[in-house]
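Data block below; observations after.
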Amino acid sequence: MTRALIIATTISPLTMVVVVVVVVVVVVVVVVEVVVYVVVIVVVVVVVVVVAVVVVVVVVGLVVVVVVVVVVHVVVVEVVVAVVEEVVLVVVVVIVVVVVVVVVVVVVIVLVVVVSYWVNTSRKLEILNEKRRLRSRRFLNRFIDEYVKQIIFTEKKDFTLEIARDRQNDVVYGRKKLDIPLQRLYHGTNRFSQKVMISACMR
């Protein structure tokens with residue numbers, strides 16, 4: 061204790077100043093080193109964080125781009141396929157409708173032609189039958205007149221000829237004598253046998 065006091069009392073002021081300066085310098089150096097270390101650590105951390113963020117952003121961006129490209133490709137392909145299918149379906153439906161319409165038109169035209177031909181043929185046959193019937197009536201009238209004249213001039217006086225006509229049904233009845241029943245001599249549908257029938261009736 062006494063020695064320390066002696067030593068302390070023997071240190072000069074200059075030495076004290078030097079010691080203080082040295083201590084201050086040491087403290088400043090230590091503080092500066094600590095600050096430098098802290099700054100370096102902070103900078104490294106910041107750089108690492110920034111690099112990590114950049115890497116994450118780049119990776120996420122690439123993933124998003126890939127996903128978007130894949131989704132867009134799939135959607136576009138599906139849309140194109142759907143549109144092509146719809147177009148093909150519409151074309152097929154249009155072709156079927158056109159074919160059906162053409163077939164219906166052809167069938168209608170054929171039916172119209174057949175019906176027109178049948179109507180014209182029926183009308184022509186009707187006109188021809190009417191002409192034949194008119195010719196048959198004229199022929200029958202001439203034949204009856206000639207036959208009556210022949211009977212009157214050649215047969216005996218006790219012979220009586222009676223002829224009746226149903227003009228509505230175009231039928232001729234006749235009898236040779238009044239005491240025998242009327243016989244049908246002619247019908248309009250049988251022209252070629254009328255002379256034979258009348259001749260047979262008159263005998």
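Positions in the sequence shown are counted from 1; adding 60 to them yields our numbering. Glycine included, C-beta positions come from ideal geometry on N, C-alpha and C.
TODO: Would you kindly work out how many angstroms separate the C-alpha atoms of valine 147 and valine 157, rounded to a whole number?
DONE: Looking up residue 147 in the sequence shown gives position 87. Looking up residue 157 in the sequence shown gives position 97. Cα-Cα distance, rounded: 15 Å.
Open item on the list: What would DSSP say about serine 72, mapped onto helix, strand or coil?
Closed with: The count along the sequence shown starts at 1 and reaches residue 72 at position 12. Note: serine 72 maps to coil in three-state DSSP.
TODO: In angstroms with no decimal places, state the Cα-to-Cα distance between valine 119 and valine 105.
DONE: Indexing the sequence shown from 1 puts residue 119 at position 59. Indexing the sequence shown from 1 puts residue 105 at position 45. If I take the Cα positions, the gap works out to 21 Å.
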